[in-house]
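Novice:
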Amino acid sequence: MSQSAPQHIHAEELATVEPGGDWHPKIVAFLCNWCSYAGADLAGVSRLQYGPNVRIIRVPCSARVNPQFIMKALQNGADGVLVSGCHPGDCHYISGNLVARRKFTLTKRFLEFFGIEPERVQFSWVSASEGGRFSELMNRVIADVKRVGPARRLVKNLP
Ligand code: FES
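Position 81 (the sequence shown) corresponds to 86 in this note's numbering; numbering is contiguous.
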């Protein structure tokens, strides 16, 4: 199980893309192992479709997502970030998801202060039995990020 920050996505890839058309935003999705990751798995097993450029990072609980992980993802070329965990009351660690939601709300406000559009960073609950919800969520996040275009504000080493 990987708990490290997202892998580097080459910023050069961003230089040639324009919003709309065939552009597929890169989305980093931090999914809790017990619910959202299992929901994503179910979406895959059920052959439900969602965009191709989603990089899933499995974390033990949504509370494990350090705000720095989100910053790093955006700095390294992600156009959007999703954090998803168990529904309230279902967290394997009792209240980790509620802690995550509070942390996420503050992180999002902080990012907005730096000009990061709210569509880029999203939080949601998905349970292990909600494969359909997961694929719908991913498609919605991708559509939202497509609307605001490539993220360049925090990307390091832009050409
Ligand atoms: Fe899923 Fe905590 S274990 S959010």
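Note that the Cβ used here is the ideal one computed from N, Cα and C, for glycine as well.
(1) Compute the distance between the beta-carbons of Leu2 and Ser129, then report whether it is under 7 Å.
(2) Is any heavy atom of the ligand FES found at a distance shorter than 6 Å from the C-beta of Ser67?
(3) Ends of the alpha helix (DSSP H) at Leu36?
(4) Under 8 Å by Cβ, that's how I've got Ile32 and Ala45 pegged, so tell me the actual separation to the nearest angstrom.
(5) At 3 residues or longer, and completely inside the stretch 76 to 162: list those beta strand (DSSP E) runs for me, N to C.
(6) Within the present structure, is the beta-carbon of Gly136 separated from the nearest heavy atom of the ligand FES by less than 6 Å?
(7) Can you name the start and end residues of the alpha helix (DSSP H) that Val50 belongs to?
(8) State the Cα-Cα distance for the pair Phe248 and Pro72, rounded to the nearest angstrom.
(9) Using a C-beta cutoff of 7 Å, does Cys96 count as contacting chain D?
(10) Say the cut is 6 Å; is the CB of Trp39 nearer than that to a heavy atom of the ligand FES?
(11) Return the CA-CA distance between Ser9 and Cys37, expressed in angstroms with no decimal places.
(12) Thinking C-alpha only, which one of Ser134, Asp149, Ile75, Val131 is nearest Phe115?
(13) Does DSSP put His13 in a helix, in a strand, or in coil?
(14) Mark Val50 as exposed unless 16 or more other C-beta atoms lie within 10 angstroms of its C-beta, in which case mark it buried.
(15) Measuring only from the beta carbon, is Asn71 closer than 6 Å to any heavy atom that is part of the ligand FES?
Specialist: On the basis of the coordinates in this document:
(1) Because residue 2 is not part of the residues shown, which for the chain are 6 to 164, the question remains open.
(2) yes
(3) Looking at the DSSP string, Leu36 is not in any alpha helix (DSSP H); the run it does join, the beta strand (DSSP E), is 32 to 37.
(4) Not confirmed; about 12 Å, so no contact.
(5) 85 to 90, 126 to 130
(6) no
(7) 41 to 50
(8) The structure shown does not extend to residue 248, since the chain is modelled only from 6 to 164, so the question has no answer here.
(9) Among the chains of the structure shown, chain D does not appear; only one protein chain is present.
(10) yes
(11) Confidence at Ser9 is low in this model, with a pLDDT of 43, below 50, so the placement of that residue should be treated as unreliable; the coordinate-derived value is given next. Roughly 14 Å between the two C-alpha positions.
(12) Ile75
(13) Any reading at His13 must be qualified, since the residue scores a pLDDT of 43, below 50, and its modelled position is unreliable; the value itself is stated next. Note: His13 maps to coil in three-state DSSP.
(14) exposed
(15) no
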